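**Student:**
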Amino acid sequence: MPEGINCKIEECHHNDTGKCLADNIEVRSSVDNKICNMSENTCCETFKPKMS
1 MPEGINCKIE ECHHNDTGKC LADNIEVRSS VDNKICNMSE NTCCETFKPK MS
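Just so we're aligned: 44 in the UniProt record's numbering is position 44 of the sequence shown, and the numbers increase by one with no gaps anywhere.
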């Protein structure tokens with residue numbers, strides 16, 4: 001896995017103190033027209049909720 005993949009989603013199972021520990025990640029467009037022009041238009045498909 002590449003080093004330095006930061007994650008600010010504390011509710012994600014793969015997040016360990018701000019670093020993504022997933023084996024790989026998939027990022028997709030979160031808008032209907034699939035044209036992203038800002039980070040808010042993207043979504044991490046690798047997100048997995050932490051188990052309580």
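The C-beta atom is built at its ideal place from N, Cα and C for all residues, glycine as well. As the structure is a prediction and not an experimental result, all values here were calculated from the model.
Once DSSP output is grouped into helix, strand and coil, what is the label at Asn33?
**Tutor:** The answer is coil: DSSP assigns Asn33 none of H, G, I, E or B.
**Student:** Look at the alpha carbon of Glu11 and the alpha carbon of Thr17, and state the distance between them as a whole number of angstroms.
**Tutor:** Roughly 11 Å separates the two Cα atoms.
**Student:** Drop a sphere of 10 angstroms on the beta-carbon of Ser15, count the other beta-carbons inside from all chains shown, and report buried for 16 or more, exposed for fewer.
**Tutor:** Reading the sequence as shown, one finds Asn at residue 15 and not Ser. The residue is buried, with at least 16 neighbouring Cβ atoms inside 10 Å.
**Student:** Which class does Asn41 belong to by DSSP, given the choice of helix, strand or coil?
**Tutor:** Reduced to three states, the DSSP call for Asn41 is helix.
**Student:** Starting from the Cα of Thr42, find the closest Cα among Cys20, Lys19 and Glu26 and give me that residue.
**Tutor:** Nearest of Cys20, Lys19 and Glu26 to Thr42, Cα basis: Glu26.
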